[in-house]
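To keep things clear, I will list the structure first and then write my remarks on it.
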Amino acid sequence: MVVRDFKAGDAQNISMLFRVIYGERYVYPDVYQPNMICQRNTQGEWYSAVAELGGVIVGHAALLLHPGKGKMAELAMCVVDPAIRHRGVATALGKYLCKVAHTLGLDTLTIKIVSSHPYTQRLAKALGFYSTALLRDYVPTPFEQAGRESVILGVLPLKPRPIPLNLLDYRHNGWIALLAEKFGAARLPAAGATVIPAVEFTASGGRLDVTLNNMTLKILKEIERQPFNELIHLRARIDVAFLSLLPWLYRAGYKDMGLAPAEEGQWFWLLQRGYNPRQLKLHCPIANVLQGNSR
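The letter at position 161 of the sequence shown is residue 161 when you use the UniProt record's numbering, and the numbering goes up by one with no holes.
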């Protein structure tokens, strides 16, 4: 088996692989359009790699890049021909793209792992990713007509990326201490210059994503007015001002869901409400602690 960079002639076979595994329900619809696969790679938005066996494409994975928006990428869109599963194809693709990430000068890789897939959780661990968040009911499941899947966020630091919290904060329900063991710790940044817009709302696949770039009580009251049963994923840039208002979010019904990397080595604090608090079978200590917090 050979793992190599994507070529335009691979696109049709990549689309066929996704249809075999996911039907027409994969979360990134561009994989079903060979022209879009080529376009995304040509424009530098994706960096695709394929696994080839006997001249046949048997696997695909890609880095989702963000040109001009920092040095982070997501390892995603991994698919393997069912006939050769459990033969290390996904691991080989992942290792190949991790090397590519170093070559591109990236400082952080992320991966989203469906919580119901223990194999993918083991793959992420083998590649060196650390779990940092549990995203409840994050995406519609591609295997049913109804229902949602929860996702574990994994982070692979290619350069130092300490958690910006002091020792007193490590006692916060245990999960921050676990993250600090993996990433180290640094002083909290002071409240930064105002980022415009201060708050961003994005509807995405049945959930509302809210990004808080600057935390004020006025903004928090706006967040509180959202329907209580609406599925909301909230991320806030971590600084002293945010931590002073964090108890207010707890009183508004939000639960901790971990941390996610931001640009320039910074971090987002993640919170949610409106999800189904059903019990998930998880293989990660941090994800299990976060699940305990979410009930």
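All residues carry an ideal CB built from backbone N, CA and C; glycine is no exception.
Helix or strand or just coil, what does DSSP make of D107? Position 107 of the sequence shown, counted from the start, is the residue given in the question as residue 107. If DSSP states are grouped into helix, strand and coil, D107 belongs with coil.
Rounded to whole angstroms, what is the Cα-Cα separation between H233 and N213? Residue mapping note: residue 233 aligns to position 233 of the sequence shown, counting from 1. Residue mapping note: residue 213 aligns to position 213 of the sequence shown, counting from 1. One C-alpha to the other measures close to 14 Å.
Determine the closest residue to P29 out of L220, D209, G205, with distance taken between C-alpha atoms. Here residue 29 refers to the residue found at position 29 when the sequence shown is read from its first residue. Closest option to P29, Cα to Cα, is G205.
What number of angstroms, rounded off, separates the C-alpha of L53 from the C-alpha of G9? Position 53 of the sequence shown holds residue 53. Position 9 of the sequence shown holds residue 9. For L53 and G9, the distance between alpha carbons rounds to 15 Å.
Close Cβ partners of L290 (< 8 Å) along its chain, the five nearest in sequence each way excluded: Against the sequence shown, residue 290 aligns to sequence position 290. Contacts found: A133, L134, W175, D256, M257, G258.
Taking 6 Å as the cut-off, is the beta-carbon of W175 closer than that to any non-hydrogen atom of the ligand FAD? The ligand content of the structure shown is nil, which means the ligand FAD is not present either.
Assign V27 to one of three DSSP states: helix, strand, or coil. Taking the sequence shown and counting its residues from 1, one reaches residue 27 at position 27. Residue state, collapsed to three classes: coil.
I'd like to know if the stretch 105 to 125 and the stretch 272 to 289 are in contact, where contact means that at least 3 CB-CB pairs between them fall below 8 Å. yes
Tell me, which residues are paired with S131 by DSSP? Taking the sequence shown and counting its residues from 1, one reaches residue 131 at position 131. For S131, which the question treats as bridged, DSSP gives the partners G154.
Selection from P261, G55, D239 that minimises the alpha carbon distance to D107: On the sequence shown, residue 107 is found 107 positions in, with the first residue counted as 1. Looking at the Cα atoms, P261 is the closest of the given residues.
Buried/exposed call for N41, threshold 16 Cβ in 10 Å: On the sequence shown, position 41 is the one that residue 41 refers to. Label assigned to N41: buried.
Exposed or buried, what is H60 when buried is set at 16 or more other beta-carbons lying within 10 Å of its beta-carbon? Numbered from 1 along the sequence shown, position 60 holds the residue referred to as residue 60. Looking at its Cβ environment, which holds 16 or more other Cβ atoms inside 10 Å, H60 is buried.
Own chain partners of V155 with C-beta closer than 7 Å, once the 5 adjacent residues on each side are dropped: Within the sequence shown, residue 155 is the residue found at index 155, counting from 1. Hits under 7 Å: T108, T110, F129, Y130, T132, P261.
Got a sec? Which residues, its chain only, sit under 6 Å from I238 by beta carbon, not counting five neighbours each side? Position 238 of the sequence shown, counted from the first residue, corresponds to residue 238. Closer than 6 Å at the Cβ level, and outside the excluded window around I238, lie P164, W267, W269.
Going by the beta-carbon positions, is the gap between L104 and V3 smaller than 7 Å? Along the sequence shown, read from residue 1 onward, the residue named residue 104 stands at position 104. Along the sequence shown, read from residue 1 onward, the residue named residue 3 stands at position 3. No; because the gap between Cβ atoms is not below 7 Å, this pair is not in contact.
Between C38 and A62, is the Cβ-Cβ spacing less than 7 Å? Sequence index remark: in the sequence shown, residue 38 carries index 38 (1-based). Sequence index remark: in the sequence shown, residue 62 carries index 62 (1-based). No.
Going by C-alpha to C-alpha distance, which of M77, L65, P67 sits closest to I14? Here residue 14 corresponds to residue number 14 of the sequence shown, with the count starting at 1. Residue M77 is the option with its Cα nearest to I14.
Please list the terminal residues of the continuous alpha helix (DSSP H) segment that includes C38. Taking the sequence shown and counting its residues from 1, one reaches residue 38 at position 38. Unbroken alpha helix (DSSP H) run through C38: 34 to 42.
Looking only at its chain, what residues have a beta carbon closer than 6 Å to the beta carbon of K71, apart from the 5 residues adjacent to it on each side? Residue mapping note: residue 71 aligns to position 71 of the sequence shown, counting from 1. Around K71: L106, D107.
CA-to-CA distance, V89 to S150, given in whole angstroms: What you label residue 150 is simply residue 150 of the sequence shown in a count that begins at 1. What you label residue 89 is simply residue 89 of the sequence shown in a count that begins at 1. Each residue's alpha carbon lies about 24 Å from the other.
Is R4 helix, strand or coil when you go by DSSP? For the purposes of this step, residue 4 is taken as the residue at position 4 of the sequence shown. DSSP places R4 in strand when its eight states are reduced to three.
Go through its chain and collect everything with a Cβ distance to E222's Cβ below 8 Å, but skip five positions before and after it. In the sequence shown, counting from the first residue as 1, residue 222 sits at position 222. Excluding sequence neighbours, E222 sits near V199.
Boundaries (first-last residue) of the beta strand (DSSP E) holding L75: Working through the sequence shown from its first residue, we reach residue 75 at position 75. Taken as a continuous stretch (DSSP letters only), the beta strand (DSSP E) holding L75 covers 72 to 80.
Considering L17, what are the terminal residues of the alpha helix (DSSP H) in which it resides? Taking the sequence shown and counting its residues from 1, the one referred to as residue 17 is at position 17. Unbroken alpha helix (DSSP H) run through L17: 11 to 22.
Beta-carbon separation (whole angstroms), F18 vs V79, contact threshold 8 Å: For the purposes of this step, residue 18 is identified with residue 18 of the sequence shown, where counting begins at 1. For the purposes of this step, residue 79 is identified with residue 79 of the sequence shown, where counting begins at 1. Indeed they touch by this definition, with Cβ atoms about 6 Å apart.
What are the start and end residues of each continuous beta strand (DSSP E) run of 3 or more residues lying completely inside the stretch 247 to 275, in chain order? 255 to 261, 267 to 273
Continuous alpha helix (DSSP H) stretch holding I163: start and end: Mapped onto the sequence shown, residue 163 falls at position 163. Where I163 is concerned, there is no enclosing alpha helix (DSSP H), given that its DSSP letter is neither H nor E.
So if DSSP puts P285 in a beta bridge, which residue, or which two residues, is it bridged to? Along the sequence shown, read from residue 1 onward, the residue named residue 285 stands at position 285. In DSSP, P285 forms no bridge with anything.
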